[in-house]
Amino acid sequence: FRWKCIRSPLAPHPPEDTVQNPHRGFQSPPRPGPSLPCDLLTPYRLDRRVENRAVQQFIARKADLLFAQSWRSAPVTEVNDDEAEEYYAIMPPMEQFMEIPDDEKRQYFFRDIERGDVVIGRITSIRDFGFFIKLICLGGGLSRDIEALEITALCPVRDVPSHGKHEDPLSYYQVGDLLRAALKDVDRYHEKLAVTLYPSALPTRLSHLKLGVISSEDLPSYYRRNSTLGSPSAETYDKVLHRTLGFANPSTVDFLLGKLGISEVESPSLMRGLQSKNFTGDDYAAALRKKQSASWALKCVKAGVDHFKAGRHVEAMNEYNKALEIDSNNVEALVARGALYATKGSLSKAISDFDLALDACPTHRNARKYLCQTLVERGGQLEEEEKLVSAENCYKRALILDKTFHEAEAALQRLRKFMQKSLEQKDKETRKDTKKTEASSAEKLRKLLKEEKR
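With the first letter of the sequence shown counted as 1, position 10 gets the number 174 in the working numbering; the numbers rise by one all the way through.
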């Protein structure tokens, strides 16, 4: 296999006759054999000279896109290692699934390792000048299968923080302790490493990591998963991938875009024809989904109208409700359902549907027409219930919607005449009652006067 590593998910693939090294650019491998996967380029690593002319030409041609601020169009999502395991699939190193000789693993490890990288290992021996640790894995986002490579590193006593003024710094540590440290010096030729426990050796992005003795729970997720992996013949990459918790997360793509600081709405592209600024709002998923839903809802409305014409009102109502479940603001479905409600005598529900239809489309002729007719009919019902003021409001509203609606105007005038007559009748009755009261009072007074004379 020839594994190619990428700077980012949108970066170009290198030519087949090269191997991409995130620290040395594109270059031929030191000798034939499969190369190991490289991790994403970390911000603190400095690129070395790129020797591949095709890559240089590509960078020059796409410089305005590669170095544009639009790549980071959203805030970066920060999560710790344990939380990330639930968001996306964290896999063991790729070489775990490949038959790669240990000497090649060792060679590429020393080629890729840099100062500031985080290593994890166990203390194997303690001397006066420091202690040695055997590396078992890498931390800080890098992943390698190195436990079987017998790679050791020296931590000099001067790089071990003291816990007291007069205490021996090494007295705090014992053989077998699990340790997290930062690489201080790398001798690639002699394959020697020196580490430190001082946090100042860490790059800014890893400054939150605690150096020193750690527990097994602090080991990276990929290493813990690596320890449970069976033999390569029994466990394929695909099987392990599907078994991970994060693989089933439906929000994996959204999370990974956020981790890279890329907005899904304004996502950048190295293809100029796919630049998001060249697309209108109607070309995005939300607008397309809305059109698609409206089309599906309209099919249900048509089926409902056919049922309505055939007298199958229950089936028609089911189709209208289905249409509104697909597209809650579908005007045609609201108008059709309102008409069915009006036919069945549920005038209040019909008025509610017509109102919603007019809110969504104020120029819809049928919605306005049916609403006016239903308001007049509802006004008639209210008149029968002797709710004259509410009936008057229905007629007024119908005339506001359509000033030329003669039926509403006639009903309003008739109602007002009736109300006027009712008021006059009540006034007459009130006057009669007043006269009767006055007459009875005068009669009582006469009777009292007669009794006094006697």
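Glycine included, C-beta positions come from ideal geometry on N, C-alpha and C.
Quick caveat: nothing in here was measured; it's all calculated off a predicted structure.
| task | Pull up the distance between the alpha-carbon of Arg344 and that of Phe443, whole angstroms please. | result | The C-alpha of Phe443 is placed about 49 Å away from the C-alpha of Arg344.
| query | When the Cα atoms are used, what is the spatial distance from Tyr362 to Pro265? | reply | 34 Å
| request: Please work out which residues of its chain come closer than 6 Å, Cβ to Cβ, to Pro320, disregarding the five sequence neighbours upstream and downstream, and give them in chain order. | output: Gly294
| message | Once the 5 residues before and after Ala514 are set aside, which same chain residues still bring their CB inside 6 Å of it? | response | Gly502, Tyr505, Ala506, Thr538
| query | So, is Ile564 buried or exposed, given that buried needs 16 or more other C-beta atoms within 10 angstroms? | reply | exposed
| task | Quick one: using the 10 Å Cβ neighbour count with 16 as the cut-off for buried, is Lys348 buried or exposed? | result | The Cβ neighbour count for Lys348, taken over all protein chains shown within 10 Å, is at least 16; the residue is labelled buried.
| Buried or exposed: Thr360, going by 16 or more other Cβ atoms within 10 Å of its Cβ? | buried
| query | Quick one: is Pro325 buried, meaning 16 or more other Cβ sit within 10 Å of its Cβ, or exposed? | reply | exposed
| field | Distance, Leu488 Cα to Met435 Cα | value | Computed Cα separation, rounded: 40 Å.
| query | Between Arg532 and Phe518, what straight-line distance do the alpha-carbon atoms span, to the nearest angstrom? | reply | 7 Å
| request: Under the assumption that Pro367 contacts Gly280 (Cβ atoms under 8 Å), give the Cβ distance between them as a whole number of angstroms. | output: 5 Å
| message | Considering just the uninterrupted stretch of the alpha helix (DSSP H) at Phe273, what are its terminal residues? | response | 266-276
| said: Among Ala474, Val478, Asp491, Asp447, whose alpha-carbon lies nearest the alpha-carbon of Ala461? | reply: Asp491
| DSSP on Cys319, reduced to helix/strand/coil? | strand
| task | Could you say which of Tyr337, Ile254, Lys581, Leu587 lies nearest to Thr408 if we only look at CA atoms? | result | Ile254
| query | From Lys611 to Thr594, what does the alpha carbon distance come to, in whole angstroms? | reply | 26 Å
| query | Using a Cβ-Cβ cut-off of 6 Å (strictly less than) and excluding sequence neighbours within five positions of Lys298, which residues of its own chain qualify? | reply | Gly285, Arg286, Thr288, Thr316
| To which residues does DSSP link Cys301 through a beta bridge? | Paired residue(s): Ile284.
| task | In angstroms with no decimal places, state the Cα-to-Cα distance between Asn493 and Ala450. | result | 15 Å
| field | Simplified DSSP assignment, three categories, for Ser554 | value | helix
| How is the alpha helix (DSSP H) around Ala497 delimited, first residue to last? | 495-508
| request: Could you tell me the distance, in whole angstroms, from the CA atom of Phe472 to the CA atom of Glu479? | output: Cα-Cα distance, rounded: 8 Å.
| Asp349 - partner residues in DSSP beta bridges | Asp349 is bridged to Ala358.
| message | So, for Glu314: in the same chain, excluding its five sequence neighbours on each side, which residues have a beta-carbon less than 8 Å away from its beta-carbon? | response | Lys298
| request: Consult DSSP for Arg532 and reduce its assignment to one of helix, strand or coil. | output: Arg532: helix per DSSP, three-state reduction.
| Between the CA atoms of Met583 and Ser554 - distance to the nearest angstrom | 13 Å
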